[in-house]
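Q: Note that my numbering gives residue 67 to position 52 of the sequence shown, counting from 1, and the numbers run on in steps of one.
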Amino acid sequence: MEHRKTQIRRLTTEYVEKQQQLEEKRQRHRRGLKRRMSVFGGALLVITIICTAILVNQSSSIAEQRTQNEQLETQLEQLKQEQVTLEHEIESLQDPEYIAEIARRDFFLTRPGEILFQLPRSQTNDD
Numbered sequence: 016m017e018h019r020k021t022q023i024r025r026l027t028t029e030y031v032e033k034q035q036q037l038e039e040k041r042q043r044h045r046r047g048l049k050r051r052m053s054v055f056g057g058a059l060l061v062i063t064i065i066c067t068a069i070l071v072n073q074s075s076s077i078a079e080q081r082t083q084n085e086q087l088e089t090q091l092e093q094l095k096q097e098q099v100t101l102e103h104e105i106e107s108l109q110d111p112e113y114i115a116e117i118a119r120r121d122f123f124l125t126r127p128g129e130i131l132f133q134l135p136r137s138q139t140n141d142d
């Protein structure tokens with residue numbers, strides 16, 4: 016059997032031309048839509064990356080500030096304790112009895128009529 020070449024001739028009617036034009040228009044529209052969606056997706060990706068970078072930066076900054084805040088609170092507590100100790104010492108130094116005790120202990124002063132005895136220091140050996 017021989018192969019016959021079939022020749023189909025396309026009809027160029029108004030209807031066919033309109034359909035081809037409509038198909039070309041649809042394809043252009045789809046290409047334009049794909050381009051717009053690609054640009055929009057790219058812009059959305061860039062915005063997402065920027066927002067993520069900002070959030071990461073802010074969260075690390077907040078963590079640093081929390082650490083610094085904890086350190087400052089600890090330092091504040093220490094300073095408050097030191098203030099209480101110093102206020103107690105100020106009150107004690109205004110008491111004449113306390114001043115007399117310090118004078119006896121540090122400067123070996125005595126009251127009138129008192130006798131000061133100096134005892135030899137005892138050496139303890141644990142040998």
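Just so it is clear, CB atoms sit at the ideal spot from N, CA and C, and this is done for glycine as well. In this text the structure is predicted, and so the values were computed from the model without any measurement.
#1: Straight-line CA distance for Phe132 to Pro111?
#2: Between which two residues does the alpha helix (DSSP H) holding Phe226 run?
#3: Whole angstroms is fine: what's the gap from Cys66's alpha carbon to Lys33's?
A: Short version:
#1: 23 Å
#2: The displayed coordinates of the chain run from 16 to 142. Any statement about residue 226 would go beyond what the structure contains.
#3: Roughly 48 Å between the two C-alpha positions.
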